[in-house]
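Peer 1: Have a look at the structure that comes next, please.
Protein chains: 4
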Amino acid sequence: MKLCGYEVGEQQPFFLISGPCVVESEKLTMEIAESLKEMTDRLGIPYIFKASYDKANRSSHDSYRGPGIAEGLRILEKVRTEIGVPVLTDIHEDSPLDEVAAVADVLQTPAFLCRQTNFIQSIAKLGRPVNIKKGQFLAPWDMGNVVNKAKATGNQDIMVCERGYTFGYNNLVSDMRGLATMRDTGCPVVFDATHSVQLPGGQGNASGGERQHVPVLARAAVAAGVSGLFMESHPNPAEALSDGPNSWPVHRMEELLKILMDIDNAVKANPYLESTL
Amino acid sequence: MKLCGYEVGEQQPFFLISGPCVVESEKLTMEIAESLKEMTDRLGIPYIFKASYDKANRSSHDSYRGPGIAEGLRILEKVRTEIGVPVLTDIHEDSPLDEVAAVADVLQTPAFLCRQTNFIQSIAKLGRPVNIKKGQFLAPWDMGNVVNKAKATGNQDIMVCERGYTFGYNNLVSDMRGLATMRDTGCPVVFDATHSVQLPGGQGNASGGERQHVPVLARAAVAAGVSGLFMESHPNPAEALSDGPNSWPVHRMEELLKILMDIDNAVKANPYLESTL
Amino acid sequence: MKLCGYEVGEQQPFFLISGPCVVESEKLTMEIAESLKEMTDRLGIPYIFKASYDKANRSSHDSYRGPGIAEGLRILEKVRTEIGVPVLTDIHEDSPLDEVAAVADVLQTPAFLCRQTNFIQSIAKLGRPVNIKKGQFLAPWDMGNVVNKAKATGNQDIMVCERGYTFGYNNLVSDMRGLATMRDTGCPVVFDATHSVQLPGGQGNASGGERQHVPVLARAAVAAGVSGLFMESHPNPAEALSDGPNSWPVHRMEELLKILMDIDNAVKANPYLESTL
Amino acid sequence: MKLCGYEVGEQQPFFLISGPCVVESEKLTMEIAESLKEMTDRLGIPYIFKASYDKANRSSHDSYRGPGIAEGLRILEKVRTEIGVPVLTDIHEDSPLDEVAAVADVLQTPAFLCRQTNFIQSIAKLGRPVNIKKGQFLAPWDMGNVVNKAKATGNQDIMVCERGYTFGYNNLVSDMRGLATMRDTGCPVVFDATHSVQLPGGQGNASGGERQHVPVLARAAVAAGVSGLFMESHPNPAEALSDGPNSWPVHRMEELLKILMDIDNAVKANPYLESTL
Numbered sequence: 001m002k003l004c005g006y007e008v009g010e011q012q013p014f015f016l017i018s019g020p021c022v023v024e025s026e027k028l029t030m031e032i033a034e035s036l037k038e039m040t041d042r043l044g045i046p047y048i049f050k051a052s053y054d055k056a057n058r059s060s061h062d063s064y065r066g067p068g069i070a071e072g073l074r075i076l077e078k079v080r081t082e083i084g085v086p087v088l089t090d091i092h093e094d095s096p097l098d099e100v101a102a103v104a105d106v107l108q109t110p111a112f113l114c115r116q117t118n119f120i121q122s123i124a125k126l127g128r129p130v131n132i133k134k135g136q137f138l139a140p141w142d143m144g145n146v147v148n149k150a151k152a153t154g155n156q157d158i159m160v161c162e163r164g165y166t167f168g169y170n171n172l173v174s175d176m177r178g179l180a181t182m183r184d185t186g187c188p189v190v191f192d193a194t195h196s197v198q199l200p201g202g203q204g205n206a207s208g209g210e211r212q213h214v215p216v217l218a219r220a221a222v223a224a225g226v227s228g229l230f231m232e233s234h235p236n237p238a239e240a241l242s243d244g245p246n247s248w249p250v251h252r253m254e255e256l257l258k259i260l261m262d263i264d265n266a267v268k269a270n271p272y273l274e275s276t277l
Numbered sequence: 001m002k003l004c005g006y007e008v009g010e011q012q013p014f015f016l017i018s019g020p021c022v023v024e025s026e027k028l029t030m031e032i033a034e035s036l037k038e039m040t041d042r043l044g045i046p047y048i049f050k051a052s053y054d055k056a057n058r059s060s061h062d063s064y065r066g067p068g069i070a071e072g073l074r075i076l077e078k079v080r081t082e083i084g085v086p087v088l089t090d091i092h093e094d095s096p097l098d099e100v101a102a103v104a105d106v107l108q109t110p111a112f113l114c115r116q117t118n119f120i121q122s123i124a125k126l127g128r129p130v131n132i133k134k135g136q137f138l139a140p141w142d143m144g145n146v147v148n149k150a151k152a153t154g155n156q157d158i159m160v161c162e163r164g165y166t167f168g169y170n171n172l173v174s175d176m177r178g179l180a181t182m183r184d185t186g187c188p189v190v191f192d193a194t195h196s197v198q199l200p201g202g203q204g205n206a207s208g209g210e211r212q213h214v215p216v217l218a219r220a221a222v223a224a225g226v227s228g229l230f231m232e233s234h235p236n237p238a239e240a241l242s243d244g245p246n247s248w249p250v251h252r253m254e255e256l257l258k259i260l261m262d263i264d265n266a267v268k269a270n271p272y273l274e275s276t277l
Numbered sequence: 001m002k003l004c005g006y007e008v009g010e011q012q013p014f015f016l017i018s019g020p021c022v023v024e025s026e027k028l029t030m031e032i033a034e035s036l037k038e039m040t041d042r043l044g045i046p047y048i049f050k051a052s053y054d055k056a057n058r059s060s061h062d063s064y065r066g067p068g069i070a071e072g073l074r075i076l077e078k079v080r081t082e083i084g085v086p087v088l089t090d091i092h093e094d095s096p097l098d099e100v101a102a103v104a105d106v107l108q109t110p111a112f113l114c115r116q117t118n119f120i121q122s123i124a125k126l127g128r129p130v131n132i133k134k135g136q137f138l139a140p141w142d143m144g145n146v147v148n149k150a151k152a153t154g155n156q157d158i159m160v161c162e163r164g165y166t167f168g169y170n171n172l173v174s175d176m177r178g179l180a181t182m183r184d185t186g187c188p189v190v191f192d193a194t195h196s197v198q199l200p201g202g203q204g205n206a207s208g209g210e211r212q213h214v215p216v217l218a219r220a221a222v223a224a225g226v227s228g229l230f231m232e233s234h235p236n237p238a239e240a241l242s243d244g245p246n247s248w249p250v251h252r253m254e255e256l257l258k259i260l261m262d263i264d265n266a267v268k269a270n271p272y273l274e275s276t277l
Numbered sequence: 001m002k003l004c005g006y007e008v009g010e011q012q013p014f015f016l017i018s019g020p021c022v023v024e025s026e027k028l029t030m031e032i033a034e035s036l037k038e039m040t041d042r043l044g045i046p047y048i049f050k051a052s053y054d055k056a057n058r059s060s061h062d063s064y065r066g067p068g069i070a071e072g073l074r075i076l077e078k079v080r081t082e083i084g085v086p087v088l089t090d091i092h093e094d095s096p097l098d099e100v101a102a103v104a105d106v107l108q109t110p111a112f113l114c115r116q117t118n119f120i121q122s123i124a125k126l127g128r129p130v131n132i133k134k135g136q137f138l139a140p141w142d143m144g145n146v147v148n149k150a151k152a153t154g155n156q157d158i159m160v161c162e163r164g165y166t167f168g169y170n171n172l173v174s175d176m177r178g179l180a181t182m183r184d185t186g187c188p189v190v191f192d193a194t195h196s197v198q199l200p201g202g203q204g205n206a207s208g209g210e211r212q213h214v215p216v217l218a219r220a221a222v223a224a225g226v227s228g229l230f231m232e233s234h235p236n237p238a239e240a241l242s243d244g245p246n247s248w249p250v251h252r253m254e255e256l257l258k259i260l261m262d263i264d265n266a267v268k269a270n271p272y273l274e275s276t277l
């Protein structure tokens, strides 16, 4: 499939979706986008900037949720035009859909909402590529039904994204088998390496995270075989206003990407063995 | 707390929420409500009728979703006035909130949406008692944050409901410890004994269910200690248009309720031992 | 089935297996046995004393393992003859089988060993009733194979015991559906309410436990329907040399048993609904 | 650490343990060993032959368990001397330890037995390198206690092996984070890519398996970072007498190993990012 001008798919080099969890300030947002754009240009990795403008599903109602829709979209638009990078943002049931779709090159639906038929279809109808996050409660093979609902709208540019599966309380596990299974949907499979290391609710009023496992899971997922990678990044994760514990530092991103590219090349040099049994 | 005129709580006899998963026909809906009303009157159980008018989160987009909002609410209103029983229905992000709240005595939020802050708060603001289903991905102690969000609207009539927790793929487990844990929210705890026996996605394009486990889990939950029970029921589950595999037959409901009452009486004759350690 | 002179089974009142995790001193062991014997006589509950003489599978190799075989069996024999109560102890691959079977009225096999065919069969061959603990990794329906192996030795006095199932890391869940499922083995089903509240490995060098959930799970299991209950008990759990965090205080046992008896009576007054669907 | 003459460790190229689940015939055993020896010589991969002589923990007591100890050890000895490859076999509580250790270059302990202190220590005392399989119920960080018990015997040649973790009923999940976590034991970490795709008990009287996931998990684990790989192999898995569904075909092994080597090289070219955060 064609995504923001790039050919993407299970035998293509991986693309990257990265940026801060949430828009904090215009300055910081521009800086992150610029760093990542330069880095991925250097490496030849197709890159899409990501940031949310409103986090509607924080653990606690006291948490920072973002700058709001107007300011958030203005900044995303600026990233898009001034840095020259396509942007992805997530969208919720009560988002002003057309306004968001007017700015975002790619839309992303939250994992908790993957079974809301009306919602998935109204997002798909906007005609933008959609990255559908798989619910933490949904088996990989059950994404087929979700994709069918989305594609029934006529939009064929659908991606599916793993972000960890419920594993006891306050923990997620990333089942690498699921990445291979989801290829059967015919959609590009994306692995979200930063939300997958979250410990949901693990800090009382917020979700914890284990940043040290980001490179472990990212390497494993690329080796399992994915079309794209999603990784939230921040210049200073310890001070990020959302998802800091599981964000990856911008200044450590390039060395991570290099290793991932080497793995990706090794894996995609030939067809997947599992599909030739 | 006072619920539809009944005093409910952890030391009160349990109340029952029951009815078909979805409104099928007016005639059938009235018949079920009438049977259950008579039965619970006979047994002295506080009773609330339940039915959905639109199932937005079916596994497949070909499944029956209900009669739609107008017809659905008309029938619920009829149940309310002609049978004289309070009614509960579930509500979604795109429901016409005021219309639904005008008819329903109690509102119920879907498990998948328990972390959507805006949604939970906009429902709580309607001023009706709300039964918040705990997500299949949420630890029992994390319902405290959800309740806080809801009560921050001023509405103090909040209930929390267990309906099974993600347990590997296509299966749910009901952790009885969680029922005790959720009492710490200060809200009445409800156990949903029919969705808890679902096998999500377990039938390809639909969710399966193991009806034979309904009485097992209902007995266990009442013994663990709950304020209310939720059980979907149908005169002929094999022909139900939604959730048939996990619905309980109306004609077997009375004998089940009698046993549950005996257990409930035994358990609530004294304070819970676990709170006096 | 006949167990130590008592008729036990799914429609009989529950029997109790209880005592300290491990034999600490002769004096303490006798005191516990005497207290529990008097209590269960008063309540009319068939009672079997339980203690281990050597805990071979402690988390850390520095933990107390018991007084050893000779001293342990001597004390168990004394409980048996002086208090007049049958005794159960657990047995391992390297136990002197005949020596243990000469003293113990009932043998119990550890959960981790439930799939060791040779072991299960050599224990069953001893001709004593055997309580086989289900592994924390074994589905309830897979106990059928384990029972078949045991009964193939000719010994028909086999019981199956649930003690919690692996649920993410360092946690166990008790699936009440499994108690009903295991009745299909034709064996009496026992619920272990104290090991089920363990948090395996949850304290670094030892397993943690949540004592407050013992009555919750015990009530739930009796309501689900069991033939027997297993609960480790100690006069002062905070000072127990093993499994303290999940032991139940002896002086709170009688009030717990009374509630459980009331639930048991309610549940067994009629056949299980789930078997008449 | 030095293993059968090879330097192994987290920054060394991976070694391979492979062979049939169980010794079937002498002829077949020799053929497999010869094929794998030639292949790994060609690729420069340190190789250890693996086969069991007696499977004591089959699901059903009717399953094939192997040729028995005498014949089994004779064949392993022949593999060792005639093919010139070190051999690994698994050992149980009732194995004649000295006899087995006299033949096997490496010993392996079954996952279910990882918490049996006496057993682990009596195996470690034999002085051979030991590959300790992590129980399907044990958190990765809890292997530290197991390793301490083993090393307390004086034997420092201990390896730890992941073979899947209990994930609901009849399923296992391989948590790639655990491979990184287990490096903290200081022991070489081995990933068992064939038992990890088992569906325990999933076929009623036997365990099922999903062979197509072997290359997926093997790639992912090598990318996560391991010292060694364990993969059962058979010339004709459909006719294997044990573990056929999850065995990897010998004639597809070389192409799999080549990809794994490329990934391994990419990953080990630099220190793990997760250890430099």
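Protein chains in written order, with the UniProt record's numbering: chain A, 1 to 277; chain B, 1 to 277; chain C, 1 to 277; chain D, 1 to 277. Where a beta carbon is used, it is the ideal one built from N, C-alpha and C, also for glycine.
Under 8 angstroms between C-beta atoms, does arginine 115(B) make it to chain A?
Peer 2: Yes, contact with chain A.
Peer 1: Can you tell me the Cβ-Cβ gap for alanine 101(B) and leucine 126(B), rounded? I've got them flagged as a contact below 8 angstroms.
Peer 2: Between leucine 126(B) and alanine 101(B) the Cβ distance is about 4 angstroms, and since that is below 8 angstroms, they are a contact.
Peer 1: Name, in chain order, the residues that DSSP records as bridge partners for tyrosine 165(A).
Peer 2: DSSP output for tyrosine 165(A) lists Val173(A) as bridge partner(s).
Peer 1: If I measure Cβ to Cβ from residue 279(D) and keep anything under 6 angstroms in the same chain, skipping five residues before and after, which residues do I get?
Peer 2: The structure shown does not extend to residue 279(D), since chain D is modelled only from 1 through 277, so no value can be given for it.
Peer 1: Arginine 252(C): which of Trp248(B), Glu274(B), Asn148(B) and Pro249(B) sits nearest, CA to CA?
Peer 2: Closest option to arginine 252(C), Cα to Cα, is Glu274(B).
Peer 1: So, helix, strand or coil for methionine 231(B), using DSSP?
Peer 2: Residue state, collapsed to three classes: strand.
Peer 1: So valine 87(A) packs on phenylalanine 112(A), CB below 8 angstroms; how close in whole Å?
Peer 2: Going by Cβ atoms, the distance from valine 87(A) to phenylalanine 112(A) rounds to 22 angstroms, so no, they are not a contact pair.
Peer 1: In its own chain, which residues sit with a C-beta less than 8 angstroms from the C-beta of leucine 43(C), not counting the 5 before and 5 after it?
Peer 2: Within the same chain, leucine 43(C) has close Cβ partners Glu254, Leu257, Lys258 and Met261.
Peer 1: Since isoleucine 45(C) is in the beta strand (DSSP E), which residue starts that stretch and which ends it?
Peer 2: Premise fails: isoleucine 45(C) is in no beta strand (DSSP E) and is neither H nor E.
Peer 1: Can you check whether the C-beta of glycine 43(D) is within less than 8 angstroms of a C-beta belonging to chain A?
Peer 2: Looking at the sequence itself, residue 43(D) is leucine, so the reference to glycine does not match. Answer no: the Cβ-Cβ gap between leucine 43(D) and chain A never drops below 8 angstroms.
Peer 1: Taking a contact to mean a Cβ-Cβ separation below 8 angstroms, would you say phenylalanine 137(C) touches phenylalanine 137(D) in this structure?
Peer 2: Yes, these two residues count as a Cβ contact at 8 angstroms.
Peer 1: Just to make sure I have the definition right: I need the residues of chain E whose C-beta is within less than 8 angstroms of the C-beta of proline 215(D). Which are they?
Peer 2: No chain E is present in this structure, whose protein chains are A, B, C and D.
Peer 1: What residues from chain A crowd round glutamine 136(B), counting only those whose CB sits closer than 8 angstroms?
Peer 2: Result: Phe137 and Thr166.
Peer 1: Can you pull the chain B neighbours of tyrosine 169(D), defined as C-beta to C-beta under 9 angstroms?
Peer 2: Near tyrosine 169(D) (Cβ distances below 9 angstroms), the residues of chain B are Phe167, Gly168 and Asn171.
Peer 1: Is it true that the region 168-180 of chain D meets the region 188-197 of chain D, where meeting means three or more beta-carbon pairs spaced less than 8 angstroms apart?
Peer 2: Flag = yes, the region 168-180 of chain D and the region 188-197 of chain D touch.
Peer 1: Give the straight-line distance between the Cα atoms of threonine 194(B) and valine 214(B), rounded to the nearest whole angstrom.
Peer 2: Near 6 angstroms, if we compare the C-alpha coordinates of valine 214(B) and threonine 194(B).
Peer 1: Any idea which residues DSSP pairs phenylalanine 191(B) with across the strands?
Peer 2: Paired residues: Glu162(B) and Leu229(B).
Peer 1: Please list, in chain order, all residues of the same chain as valine 173(B) whose beta carbon is under 7 angstroms from its beta carbon, the five residues on each side excluded.
Peer 2: Hits under 7 angstroms: Gly164, Tyr165 and Phe167.
Peer 1: Residues in its own chain within less than 7 angstroms of proline 237(C) by CB, not counting five upstream and five downstream?
Peer 2: Only Arg211, Gly244, Ser247 and Pro249 meet the Cβ criterion.
Peer 1: Is the beta carbon of alanine 218(A) closer than 8 angstroms to that of methionine 231(A)?
Peer 2: Against a cut-off of 8 angstroms, the Cβ pair of alanine 218(A) and methionine 231(A) comes out as a contact.
Peer 1: Identify the residues that DSSP records as bridge partners of residue 280(A): which are they?
Peer 2: As displayed, chain A neither begins before 1 nor continues past 277, which places residue 280(A) out of reach and without an answer.
Peer 1: With distances taken from CA atoms, which of Ser233(A), Ala269(A) and Leu199(A) is nearest aspartate 59(A)?
Peer 2: The displayed chain sequence assigns serine, not aspartate, to residue 59(A). Ranking the options by Cα distance to serine 59(A), first place goes to Leu199(A).
Peer 1: Pull up the distance between the alpha-carbon of proline 67(D) and that of cysteine 161(D), whole angstroms please.
Peer 2: Those two C-alpha atoms are separated by around 26 angstroms.
Peer 1: Could you give the uninterrupted runs of the alpha helix (DSSP H) lying entirely in the region 88-162 of chain D, keeping only those of 4 residues or more?
Peer 2: Listed in chain order, they are 97-103, 117-124 and 143-151.
Peer 1: Lysine 134(B): buried (16+ other C-beta within 10 angstroms of its C-beta) or exposed?
Peer 2: Buried.
Peer 1: Determine, using beta carbons only, whether glutamate 255(A) comes closer than 8 angstroms to chain D.
Peer 2: For glutamate 255(A), the answer is yes, since a Cβ of chain D falls inside 8 angstroms of its Cβ.
Peer 1: Could you work out which residues of chain B lie near alanine 180(C), taking near to mean beta carbons separated by less than 8 angstroms?
Peer 2: Correct list: Gln212, His213 and Val216.
Peer 1: Going by alpha carbons, who is nearest to alanine 33(A) out of Asp184(A), Met176(A), Ile83(A) and Glu10(A)?
Peer 2: When each option's Cα is compared against that of alanine 33(A), the closest is Ile83(A).
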